[in-house]
Amino acid sequence: LLYQEAIQNIRFGYAAAMGIILLVFMVALTIIQRLLFGRAEAA
Amino acid sequence: MIEPTPLVPPVAVVDDIGTTDLGLSDGSTPHGEIPGRARSTRILRLLAYVAMTALALLYFVPFLWTVSTSLKPLPETAYFSLIPHDWTVQAYQDVWTKYDFARYIENSAGLSVAITAITLVVSGMGGYAFARLRFPGREILFFAVLATLMVPDQLRLVPVYQMLVKVHLIDTYTGYVLVKLGLATSLFLMRQYFLTIPKDLEEAAKLDGAGYFKTFWRVMLPLAGTPRWQR
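Going down the list, the sequences are from chains U and E. When we follow the numbering used here, the leftmost residue of the first sequence carries the number 133, and every step to the right adds one. When we follow the numbering used here, the leftmost residue of the second sequence carries the number 1158, and every step to the right adds one.
Right under this line is the structure:
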């Protein structure tokens, strides 16, 4: 989808926004994962 | 009348070199160091930090450009300028309403959980069989599994696609899960780990009346926590 928006539809702004939204999701998931399992790994 | 200068042995003069003020910026050189070394070390460190900062900024530019592009109006995205002339979050609003991100996350979560669960169970059982059970052709079969690791993914792309077309699994969850299972690596890891577990534990389970499957499920699999989580 990101590729389609950027290259096929020539809408780089949309593709960039999708990339940033994806990044935000990934960071949120990483933080949740660290909170849930980080303590267990450290122990 | 000039007083005679007391004679100082040469050793004392050599010792003084390290502690004498040689005109350095901090006014002192640590005892035993070569004069001027501290300054050159500091300059080298400074140069290294400058180079590392420049490299970090270089790698940061694409990300910064992405953020900047996402905050520009659509016509402005065709030009290279790190700072947008007109700031807008229209792209975020449009993308958020146009695409169903919740569905995408649901797909990713469901598929990753399914693939991980199936891989754990199947590769665990396979690894246990290759590590502990004695059956004809075991070594040949294991080398056949290992041989699949040597085939690059790009080479398998077309045959796998044709196979999925034949069984009507194109554009389905099942087809994706089957392609992504990649059992050889995990099977190898599990086998190697099972080999490190002492046989005494299995023998104790057998004495308690456990069969192959119960031994695997109740004794071996719980002990194989490390490779499971690595996978």
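Glycine included, C-beta positions come from ideal geometry on N, C-alpha and C. None of the values given here were measured: they were computed from a predicted structure.
Is residue i near the ligand MG - that is, is its Cβ less than 7 Å away from at least one heavy atom of it?
i: E:Pro1379; result: For the structure depicted, the ligand MG is absent and the ligand set is empty, with no information on it obtainable.
Sorted by chain position, which residues of the same chain lie with C-beta nearer than 6 Å to residue i's C-beta, five sequence neighbours on each side aside?
i: E:Leu1403; result: Missing from the structure shown is residue 1403 of chain E; chain E here goes from 1158 to 1388 and no further.
i: E:Pro1230; result: Asp1243, Thr1245
i: E:Arg1196; result: none
Ignore the nearest five residues each way along the sequence and tell me which others in residue i's own chain have a CB closer than 8 Å to its CB.
i: E:Leu1303; result: Ala1341, Phe1345
i: E:Gly1267; result: Tyr1330
i: E:Ile1240; result: Ser1225
i: E:Thr1276; result: Leu1338, Gly1339, Leu1340, Ser1343, Arg1388
i: E:Glu1233; result: Pro1241, His1242, Asp1243
i: E:Ala1362; result: Lys1371, Thr1372, Arg1375, Val1376
i: E:Ser1227; result: Ala1248, Tyr1249
Our contact map puts residue i next to residue j with C-beta atoms below 8 Å; I'd like the distance itself, whole angstroms only.
i: E:Thr1223; j: U:Gly151; result: 6 Å
i: E:Leu1335; j: E:Ile1327; result: With 8 Å as the limit, E:Leu1335 and E:Ile1327 do not qualify as a contact, their Cβ atoms being about 11 Å apart.
Do we get a CB-CB distance below 8 Å when we pair residue i with the residues of chain E?
i: U:Phe150; result: In the sequence as displayed, the identity of residue 150 of chain U is Met instead of Phe. Yes, U:Met150 lies at the interface with chain E (some Cβ there is under 8 Å from its Cβ).
i: U:Arg143; result: yes
i: U:Leu133; result: yes
i: U:Ile153; result: yes
Tell me the DSSP secondary structure of residue i in three-state form.
i: E:Pro1232; result: helix
i: E:Asp1365; result: coil
i: E:Pro1355; result: coil
i: E:Asp1310; result: helix
i: U:Asn141; result: coil
i: E:Pro1316; result: helix
i: E:Arg1289; result: helix
i: E:Leu1201; result: helix
i: E:Thr1245; result: coil
i: U:Leu168; result: helix
i: E:Val1278; result: helix
i: E:Gly1339; result: coil
i: E:Leu1326; result: coil
i: E:Leu1239; result: coil
i: U:Leu133; result: coil
Check whether the Cβ of residue i lies closer than 8 Å to any Cβ atom in chain U.
i: E:Tyr1249; result: yes
i: E:Thr1223; result: yes
i: E:Leu1231; result: yes
i: E:Phe1258; result: yes
i: E:Val1218; result: no
i: E:Ile1262; result: yes
i: E:Ala1381; result: no
i: E:Gly1368; result: no
i: E:Thr1353; result: no
i: E:Ser1269; result: no
i: E:Thr1234; result: yes
i: E:Ser1227; result: yes
i: E:Val1324; result: no
Is it buried or exposed, residue i, if we count other Cβ atoms within 10 angstroms and call 16 or more buried?
i: U:Ala149; result: buried
i: E:Glu1359; result: buried
i: E:Tyr1236; result: exposed
i: E:Phe1292; result: exposed
i: E:Gly1368; result: exposed
i: E:Ser1238; result: exposed
i: E:Val1252; result: buried
i: E:Met1347; result: buried
i: E:Arg1199; result: exposed
i: E:Arg1313; result: exposed
i: U:Phe143; result: The question names Phe, yet the displayed sequence has Arg at residue 143 of chain U. The residue in question, U:Arg143, is buried, as its Cβ has 16 or more Cβ neighbours within 10 Å.
Among residues of its own chain, excluding the 5 on either side of residue i, which ones have a beta-carbon nearer than 7 Å to its beta-carbon?
i: U:Leu154; result: none
i: E:Leu1378; result: Gly1281
i: U:Ala147; result: Leu134, Glu137, Ala138
i: E:Phe1351; result: Gly1284, Tyr1285, Ala1288, Arg1289, Met1377, Ala1381
i: U:Asn141; result: none
i: E:Ile1354; result: Met1377, Leu1380
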